[in-house]
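Below: the structure, in structure tokens.
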Amino acid sequence: MNKEVVLQVKNLKTHFTTSKGTAKAVDGVDFTLHKGETLGIVGESGCGKSITSLSLLRLIPTPPGKIVEGEILLNNKDIVKMKEEELRKVRGNQISMIFQEPMTSLNPIIPVGEQIAETIRLHQRLPRKPAWQKAVDLLEMVGLPSPEKRAKQEPFQLSGGMRQRVMIAMALACTPEVLIADEPTTALDVTIQAQILELMKDLQKQIGMSIIFITHDLGVVSEVCDQVAVMYAGQIVEHRNAKDLFKTPLHPYTQGLLSSLPNIHENQQELQTIEGSVPSPYDYPVGCRFADRCPHAREICRAEAPDLLETNNAETKVRCFMHTEKWEVIEEKEELVCP
Amino acid sequence: MLLFIAKRLVQIIPVIFGVTLVVFLIMQMVPGDPAAILAGEGASQETIEQYREDLGLNRPVAEQYMSYVSNVFQGDLGNSLKNKQPVLDEILLRLPITMELAFYSILITIVLGLAAGIISAVKPYSIRDVSVMVVALLGISLPSFWLGLLLMYLFSVKLQWLPVAGWDGPLNIILPALTLGVGGAAIVARMTRSSMLDVIGQDYIRTARAKGLKEHFVIYKHALRNALIPVITVVGLQFGSLLGGTVLVESVFAINGLGRMIVDAIRTRDLPMVQGGVLVASLVFVFVNLLVDVLYRAVNKRIDLN
Ligand SMILES: Nc1ncnc2c1ncn2[C@@H]1O[C@H](COP(=O)(O)OP(=O)(O)O)[C@@H](O)[C@H]1O
Ligand code: SF4
Ligand SMILES: [Mg+2]
Numbered sequence: 396m397n398k399e400v401v402l403q404v405k406n407l408k409t410h411f412t413t414s415k416g417t418a419k420a421v422d423g424v425d426f427t428l429h430k431g432e433t434l435g436i437v438g439e440s441g442c443g444k445s446i447t448s449l450s451l452l453r454l455i456p457t458p459p460g461k462i463v464e465g466e467i468l469l470n471n472k473d474i475v476k477m478k479e480e481e482l483r484k485v486r487g488n489q490i491s492m493i494f495q496e497p498m499t500s501l502n503p504i505i506p507v508g509e510q511i512a513e514t515i516r517l518h519q520r521l522p523r524k525p526a527w528q529k530a531v532d533l534l535e536m537v538g539l540p541s542p543e544k545r546a547k548q549e550p551f552q553l554s555g556g557m558r559q560r561v562m563i564a565m566a567l568a569c570t571p572e573v574l575i576a577d578e579p580t581t582a583l584d585v586t587i588q589a590q591i592l593e594l595m596k597d598l599q600k601q602i603g604m605s606i607i608f609i610t611h612d613l614g615v616v617s618e619v620c621d622q623v624a625v626m627y628a629g630q631i632v633e634h635r636n637a638k639d640l641f642k643t644p645l646h647p648y649t650q651g652l653l654s655s656l657p658n659i660h661e662n663q664q665e666l667q668t669i670e671g672s673v674p675s676p677y678d679y680p681v682g683c684r685f686a687d688r689c690p691h692a693r694e695i696c697r698a699e700a701p702d703l704l705e706t707n708n709a710e711t712k713v714r715c716f717m718h719t720e721k722w723e724v725i726e727e728k729e730e731l732v733c734p
Numbered sequence: 004m005l006l007f008i009a010k011r012l013v014q015i016i017p018v019i020f021g022v023t024l025v026v027f028l029i030m031q032m033v034p035g036d037p038a039a040i041l042a043g044e045g046a047s048q049e050t051i052e053q054y055r056e057d058l059g060l061n062r063p064v065a066e067q068y069m070s071y072v073s074n075v076f077q078g079d080l081g082n083s084l085k086n087k088q089p090v091l092d093e094i095l096l097r098l099p100i101t102m103e104l105a106f107y108s109i110l111i112t113i114v115l116g117l118a119a120g121i122i123s124a125v126k127p128y129s130i131r132d133v134s135v136m137v138v139a140l141l142g143i144s145l146p147s148f149w150l151g152l153l154l155m156y157l158f159s160v161k162l163q164w165l166p167v168a169g170w171d172g173p174l175n176i177i178l179p180a181l182t183l184g185v186g187g188a189a190i191v192a193r194m195t196r197s198s199m200l201d202v203i204g205q206d207y208i209r210t211a212r213a214k215g216l217k218e219h220f221v222i223y224k225h226a227l228r229n230a231l232i233p234v235i236t237v238v239g240l241q242f243g244s245l246l247g248g249t250v251l252v253e254s255v256f257a258i259n260g261l262g263r264m265i266v267d268a269i270r271t272r273d274l275p276m277v278q279g280g281v282l283v284a285s286l287v288f289v290f291v292n293l294l295v296d297v298l299y300r301a302v303n304k305r306i307d308l309n
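Residue numbers (this note's numbering), protein chains in the order written: chain A, 396 to 734; chain B, 4 to 309.
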């Protein structure tokens, strides 16, 4: 596969400086997003998924947050180094975002049509009337019933699902190259959730954009994503094709996440959960950040931090000593030391 | 909305009862006999009794009150004890002056308060923010009569830019309006700041930024309008204390408004004048609050009107 690269993130580090110290919420994230691809970012809550996505548009509240290192290359231009003016042309235009909470993410006292139309006026320099018409058309496209009437309403007059449709219409108003969706369906009930996912897939086909889909729900990932990046403690620990990841998870954390999924094929009696909790971003361990919870942890895991490395398959990246050549050697040695 | 307004108007009736009763009781309790004061120093006991008879002050207190209230509901506020003129005429003469003063004062409160609050909130904890808030704290702590005297001394006596007192030109309005408005401006500034900071932290502001809107659009279109909702209530309350302040400020600046009329009437124990003045001031306050509530509901459609 030699697809066109849209977005490339290199060694992204976003830290928060607070009275408690420095929280390394995002601590060296690398990934590449291709055109038309859907990349899922998964991981337990607090792993740094939202901060990663907000960093991409530099929406981190500063202070206390700051992108301290790294590059975010959008068509080879570094967003981290952009001036405000240039950055504003990217936001909502080339990259747009949908947030988890459709209740609070829309302005409560501005009609939803206007909230969409203002983006269109801004980026496409359309006058008021055509911009409004386009907003209504967009609302129709995302399947909002009687869009003409709804456009004039304020968010409190719409249900949660409708609001999320409005958010999607707003995000797609300027046909972005990249859509970032941070848990877009988490706050919705299951039926609405399925409808929204379906809608996003449809619109992606029409517009041909790339999507970064953030969720803690692996079930959703298997439905919509081509690629999956698993995040743990501010880093990516496994990045692979979605099918392979679900078939043969490589990282012990991914394995843990998958075994805690309800499985319809085997009649599992009990859901397994990963014991322990995510280490505090204020104080990560020196070695592998998963070591305290990992059933395979060895001495080296506590002494050294593994890198995110390609395995024999160049499409697959894992951050774990188990999948390096030295693991076999280590294993033998350790067995000698402690039988 | 109309139903809401109608309901609020009906609520004015108990307000009339309450206000008149409280003023009536207080005036009964303060020392000083109105008949004796009117009769003048050294008047004989008979003259005083005669006055008392004429004024109807020898009737039982409850009866006096009931007849007063029933007259009020017929639009009659009684006559002044001092000059026998209808109280209403005097009030109609003085109310516009006080309203003008109140209007400019509340204008200062709103404009100055909002500007300072926004300036602070846009860059919280900056030197600019801290200095604005220190000044606001001073503004809240200074008693208004003291501020009035200070302003008068500075601008009228020392610099001679503005007239000392009176009410006969636009320049006369500046100092009393400032004196009355500044305290409220400080309160509005603090409220605006905290409300703005709260709103700026909301998700929808992040959404507005994520759309690529210019920062001043984010602040003025998306943040400020939401932040103003609680500020409206504060301005309404501020209007009440501002009305109270006119009593002092009109006396300091020798303005013949309603406030000063009430002070003079209290001094001569002119009960109908005090009653009428306080009642009208209360009604103005009630109406302004109704206006504020209507405005609040218009801005914030989420509130169920009933
Ligand atoms: N405003 C903040 N101040 C300090 N730390 C923060 C702030 N926002 C997020 N963090 C830290 O960043 C970590 C990752 O948060 P987040 O990206 O929201 O996780 P999630 O994967 O659930 O989306 C959190 O554990 C928290 O410690
Ligand atoms: S590096 Fe070691 S501790 Fe970390 S996940 Fe791999 S085996 Fe487990
Ligand atoms: Mg999150």
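The C-beta atom is built at its ideal place from N, Cα and C for all residues, glycine as well.
Since we're looking at a predicted model, the values are computed, not measured.
Asked: Contact with chain B by A:Gly555, beta-carbon distance below 8 Å; Found: no
Asked: Collapsed DSSP secondary structure at B:Asn292 in the structure displayed; Found: helix
Asked: Short CB-CB distance (under 8 Å) between B:Asp201 and chain A; Found: no
Asked: As assigned by DSSP and simplified to three states, the class of A:Gln559; Found: helix
Asked: B:Val277 and B:Ile265 closer than 8 Å at C-beta; Found: yes
Asked: Whole-angstrom C-beta distance between B:Gly262 and B:Thr112, which should lie under 8 Å; Found: The Cβ separation is near 17 Å, so there is no contact.
Asked: Given A:Arg688 as reference, the closest of A:Met565, A:Tyr627, A:Pro503, A:Asp425 once Cα atoms are compared; Found: A:Tyr627
Asked: Any beta strand (DSSP E) of 3 or more consecutive residues that is wholly inside the region 403 to 427 of chain A; Found: none
Asked: Rounded distance between the beta-carbons of B:Ala180 and B:Ala119, thought under 8 Å; Found: B:Ala119 to B:Ala180, Cβ: 17 Å. No contact.
Asked: Which residues DSSP lists as bridging A:Asp473, in chain order; Found: A:Leu468
Asked: Bridge-paired residues (DSSP) for A:Ser450; Found: The partner list for A:Ser450 (beta bridge, DSSP) is empty, contrary to what the question assumes.
Asked: Under 7 Å (Cβ pairs) to chain E, residues found in the region 452 to 464 of chain A; Found: Protein chains in the displayed structure are A and B, and chain E is not among them.
Asked: Near-chain B residues of the region 520 to 536 of chain A - C-beta to any C-beta below 8 Å; Found: none
Asked: Among A:Val625, A:Asp678, A:Ala686, A:Leu645, the one whose alpha carbon lies nearest that of A:Ser440; Found: A:Val625
Asked: With 16 other Cβ atoms within 10 Å as the buried cut-off, status of B:Asn229; Found: buried
Asked: Cβ-heavy atom distance, A:Phe685 to ligand 1, below 7 Å; Found: no
Asked: A:Ser445: CB within 7 Å of a non-hydrogen atom of ligand 3; Found: yes
Asked: Beta-carbon contacts of B:Gly327 that lie in its chain and below 8 Å, excluding the five residues immediately before and after; Found: Nothing in the structure corresponds to residue 327 of chain B, since chain B is present only between 4 and 309.
Asked: Length of the line joining the Cα atoms of A:Ser554 and B:Trp170; Found: 57 Å
Asked: Touch test, the region 511 to 526 of chain A against the region 237 to 252 of chain B, Cβ-Cβ under 8 Å, three pairs minimum; Found: no
Asked: Backbone CA spacing between A:Thr433 and B:Lys217 [nearest angstrom]; Found: 30 Å
Asked: Cross-chain neighbours of A:Pro503 in chain B, by beta carbon under 8 Å; Found: Tyr207, Asn229, Arg305
Asked: Below-8 Å beta-carbon distance, B:Thr210 vs any chain A residue; Found: yes
Asked: Residue interval of the alpha helix (DSSP H) (run including B:Met32); Found: 15 to 32
Asked: N-terminal and C-terminal residue of the beta strand (DSSP E) that A:Glu633 is part of; Found: 630 to 636
Asked: Secondary structure, beta strand (DSSP E): runs of 3+ residues fully inside the region 248 to 303 of chain B; Found: none
Asked: Backbone CA spacing between A:Gly443 and B:Val295 [nearest angstrom]; Found: 45 Å
Asked: Short Cβ contact (8 Å threshold) for A:Lys405 with A:Asp422; Found: no
Asked: Neighbour list for A:Ala514 in chain B, Cβ cutoff strictly below 9 Å; Found: It is Thr, not Ala, that sits at residue 514 of chain A in the sequence shown. By Cβ distance, chain B contributes Lys214, Gly215, Leu216.
Asked: Opposing strand residues paired with A:Asp577 [DSSP bridges]; Found: A:Ile609
Asked: First and last residue of the uninterrupted alpha helix (DSSP H) at B:Val64; Found: 64 to 76
Asked: Rounded C-alpha distance that separates B:Val90 from B:Phe288; Found: 19 Å
Asked: Boundaries of the beta strand (DSSP E) in which A:Thr711 is found, first to last residue; Found: Per DSSP, A:Thr711 belongs to no beta strand (DSSP E) and is neither H nor E.
Asked: CB contact flag (B:Leu3, B:Ile222, <8 Å); Found: With chain B covering only 4 through 309, there is no way to say anything about residue 3 of chain B.
Asked: beta-carbon A:Glu578 near ligand 3 non-hydrogen atom, thresh 7 Å; Found: yes
Asked: Check: A:Cys715 C-beta below 7 Å from any heavy atom of ligand 1; Found: no
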